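Numbering (the UniProt record's numbering), first residue to last: 1 to 200.
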């Protein structure tokens, strides 16, 4: 006898972003499915707030709630990371005509493209990225990410939110931070390479 396993729910950004990096197409209308403005506003309501603190965001969480933690009125690192990533995505996607989630574009690479764009001072951006990498707590990390995501939005540079969520989750464990920093550094410093297509 077999039992049906629950189907994993897509992350919010994957509900709208197709594998080809465009918008998913609505079946009946054949029109692109873009995240509604009111949904993005609901996601932004979580900026600077702890997970579950903004009821408007509750419908958009996809991480399963663990029974043991719930009984203790606690949330997992994954839940906290998804909350932060959703709020940042709501900020990033605001006012953009194309998806700001793009699979494979990790944070280091996205920031490298921001640097190449030339809109912001290279020295100032280098300093902001260094501050991000030096963050000693998750709240400090999120403050720096919010500023950098705002800059990414300004130039329309997409970012892989699955990877960003994984990075935020890892930051909850101090022993995993060096590996995340290394990944960011390799992606960001690749602008020094002679091969522009190099990735992390």
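Here a beta-carbon is modelled for each residue, glycine too, at the ideal position from N, C-alpha and C. Please read all numbers here as calculations on a predicted model, not as lab measurements.
Whole-number beta carbon distance between residue j and residue i, since they are thought to touch under 8 Å
| i | j | result |
| --- | --- | --- |
| residue 92 | residue 160 | Residue 92 to residue 160, Cβ: 12 Å. No contact. |
| residue 56 | residue 45 | 5 Å |
| residue 128 | residue 190 | So it is not a contact: roughly 18 Å between Cβ atoms. |
| residue 148 | residue 90 | Not a contact, Cβ separation roughly 15 Å. |
| residue 99 | residue 21 | 6 Å |
Whether residue i touches residue j by CB criterion (8 Å)
| i | j | result |
| --- | --- | --- |
| residue 107 | residue 146 | no |
| residue 172 | residue 77 | yes |
| residue 62 | residue 82 | yes |
Residue i, DSSP secondary structure in three states
| i | result |
| --- | --- |
| residue 111 | helix |
| residue 24 | strand |
| residue 150 | helix |
| residue 116 | helix |
Straight-line Cα distance separating residue j from residue i
| i | j | result |
| --- | --- | --- |
| residue 170 | residue 33 | 31 Å |
| residue 141 | residue 115 | 20 Å |
| residue 48 | residue 27 | 36 Å |
| residue 16 | residue 24 | 5 Å |
| residue 117 | residue 50 | 33 Å |
| residue 60 | residue 180 | 26 Å |
| residue 133 | residue 184 | 8 Å |
| residue 137 | residue 174 | 9 Å |
| residue 153 | residue 110 | 11 Å |
According to DSSP, residues forming a beta bridge with residue i
| i | result |
| --- | --- |
| residue 159 | 101 |
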